[in-house]
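Peer 1:
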Amino acid sequence: MKTAVVILNWNGKKFLERFLPPLIASVKGDSAVFVADNASTDGSVELLKEKFPHVRTMLFSKNRGFTGGYNRALFQIDSEYYLLLNSDIEVAPGWLEPLEDWMDNHPECGICAPKLHSLKDRDMFEYAGAAGGYIDRYGYPFCRGRVLNKVERDNGQYDTPAEVFWASGACLMIRAELYRSLGGLDNRFFAHMEEIDLCWRAQLAGYKVNIVPASTVWHVGGGSLPQGSPKKLYLNYRNNLLMLKNNLAQTETAALRMKGIERKKSLSAGKRRARRIIVTRMLMDGCSAIIYLLTFRFTYFKAVFDAHRDFRRLGRNGGKATPPINGKPHAVTGIYDGWIIPSALLFGTKAASKAEFRIMQNKSRLNESRKK
């Protein structure tokens, strides 16, 4: 099979009714659509049996989350590419081919994704991924086309294929061989930020993450947990720290190795740098928790407290850290060396382009130093 397009569904009956027919019509040739159901209770399974009996389905006995559900589903499928697709995504004819063509012609790319637009306002980028994402020095994610809650209109400003740090799990293509070699998604995350962790680990394994603007899909968004949900806040705070612990030490070590520092010294220095950044991020989270407390948002305060408690517990259980390949350090693209939040408050959506310019400058300097 060329591409397995896999929807992980949980109580998304209304989305399946609306978006599955055009998706099925758009997937042709030796590619196929799968629906993996995370123990839905809204009639989704009955709908699939009645109206879509030809769609390949996998039924799970309990809700394993985004991470566990996709891992369980994808490890059962034999294909060249996996396409992870939310149930609340609308596609148009010809959306899949540009992604497949990009992967076919760019073997250095491990993950790619289309532009993500809002279904509500079809020319606006959508919060979850827009035109591809970056993170800042402390692990705060932002997008080309979205910073904090400020979202841009798509005027063609991101219509050139680009290398980014992460792509949204709402619609993400990955080489099946890479997914398997990385061990899939980190099950500890359950949901939220797991795709950023996956993209980070793919880069550490030597692959690129690209946005392919020739393809666009439209996303409802907020289908599982809406913005402002304490549960979503908890998952984001906890998983951000897990992601940093998974990848930051190796990233810092690789950066030092690129500068010619001896392996043993770079390894110890990289670990120290990572610890300092994670402690700083935890202090930043603590400041947020105090603000929530002082503004009487007690459920938000508790979400941050619980997130840090569970990070300390889960962090002791290892994770999905990518092992070095042949001892060769792999540079990571897309980390902004500043703090995006004050920049976003000052410059609004322009903060993303300013950060992207800095990222490209730093990448150019790294390439020049490597030539020397």
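With numbering that gives the first Met the number 0, the residue at position 113 of the sequence shown is 112, and numbering never jumps.
Beta carbons: idealized from backbone N, C-alpha and C, even for Gly.
#1: Should the region 159-175 be called in touch with the region 22-37, which here means at least 3 C-beta pairs below 8 Å?
#2: For D36, write down the residues that DSSP places opposite it in a beta bridge.
#3: Just curious, the alpha helix (DSSP H) that K48 is in, first and last residue?
#4: Spell out the partners DSSP gives H116 in its beta bridges.
#5: Report back the beta-carbon spacing between L95 and T215 to the nearest angstrom; my notes put them in contact at under 8 Å.
#6: Which residues mark the beginning and the end of the alpha helix (DSSP H) in which F164 is found?
#7: Taking the alpha helix (DSSP H) that R296 belongs to, which residues open and close that run?
#8: As a quick exercise: from R274, K258 and R174, pick the residue whose alpha carbon is nearest that of D77.
#9: From the DSSP output, in three-state form, read off T279 for me.
#10: For G269, which residues from the same chain have a beta carbon less than 8 Å from its beta carbon, with the 5 sequence-adjacent residues on both sides left out?
#11: Which of the three DSSP states is assigned to T66 in this structure?
#12: Leaving out five residues before and five after C198 in sequence, what residues of the same chain have Cβ atoms less than 7 Å from its Cβ?
#13: Classify D87: buried if its beta carbon has 16 or more other beta carbons within 10 angstroms, exposed otherwise.
#14: Can you tell me where the alpha helix (DSSP H) holding I339 begins and where it ends?
#15: Am I right that S39 and N10 are in contact with their C-beta atoms under 8 Å? What's the rounded C-beta distance?
#16: Helix, strand or coil: which one does DSSP assign to T250?
#17: Thinking C-alpha only, which one of A350, Y335, F346 and K244 is nearest N361?
#18: Could you give the residue range of the beta strand (DSSP E) that holds D135?
#19: Tell me, to the nearest whole angstrom, how far the beta carbon of K387 is from that of A354; I am working on the premise that it is less than 8 Å.
#20: Using a Cβ-Cβ cut-off of 8 Å (strictly less than) and excluding sequence neighbours within five positions of L234, which residues of its own chain qualify?
#21: For M242 versus I195, is the C-beta distance shorter than 8 Å?
#22: Identify the residues that DSSP records as bridge partners of A24: which are they?
#23: Report the option in R364, G333, L7 and V331 whose CA atom is closest to the CA atom of R63.
#24: Please say whether G138 and R280 have beta carbons closer to each other than 8 Å?
#25: Mapping the DSSP letters down to three states, classify F310 as helix, strand or coil.
#26: Under the rule that 16 or more other beta-carbon atoms within 10 Å means buried, what is I289, buried or exposed?
#27: From the DSSP output, which residues share a beta bridge with K149?
#28: Is E125 near G220, with beta carbons less than 8 Å apart?
#29: Starting from I173, trace the beta strand (DSSP E) in both directions and tell me its first and last residue.
#30: Considering just the uninterrupted stretch of the alpha helix (DSSP H) at L203, what are its terminal residues?
#31: Could you give the C-beta distance for S117 and W217, rounded to a whole number, given that I count them as a contact under 8 Å?
#32: Identify the continuous alpha helix (DSSP H) that holds L98 and give its terminal residues.
#33: Can you tell me which of the three DSSP states P229 falls into?
#34: Take P97 and list the residues in its own chain whose beta-carbon comes closer than 6 Å to its own, dropping the five residues that flank it on each side.
Peer 2: Taking the coordinates as given:
#1: no
#2: N8 and L58
#3: S43 to K50
#4: F124 and W217
#5: The pair is not a contact, with the Cβ atoms about 12 Å apart (cut-off 8 Å).
#6: Careful: F164 lies outside any alpha helix (DSSP H) and carries neither H nor E.
#7: DSSP places R296 in no alpha helix (DSSP H); its state is neither H nor E.
#8: R174
#9: helix
#10: A248, Q249, T250, E251, T252, A253, A254 and L255
#11: helix
#12: I110, F164, W165, A166 and V208
#13: buried
#14: I339 to F346
#15: 5 Å
#16: Helix at T250.
#17: Between N361 and the set A350, Y335, F346 and K244, the nearest pair of CA atoms involves Y335.
#18: G132 to D135
#19: There is no way to answer for residue 387, as the model of the chain reaches only from 0 to 371.
#20: F188, F189, A190, H191, M192, L224 and A306
#21: Cβ atoms of M242 and I195: closer than 8 Å.
#22: None; A24 has no bridge partner.
#23: L7
#24: yes
#25: helix
#26: exposed
#27: V146
#28: yes
#29: C170 to R174
#30: E193 to L203
#31: 7 Å
#32: E96 to N104
#33: Residue state for P229 is assigned as helix, using DSSP reduced to three classes.
#34: V211, A213 and S214
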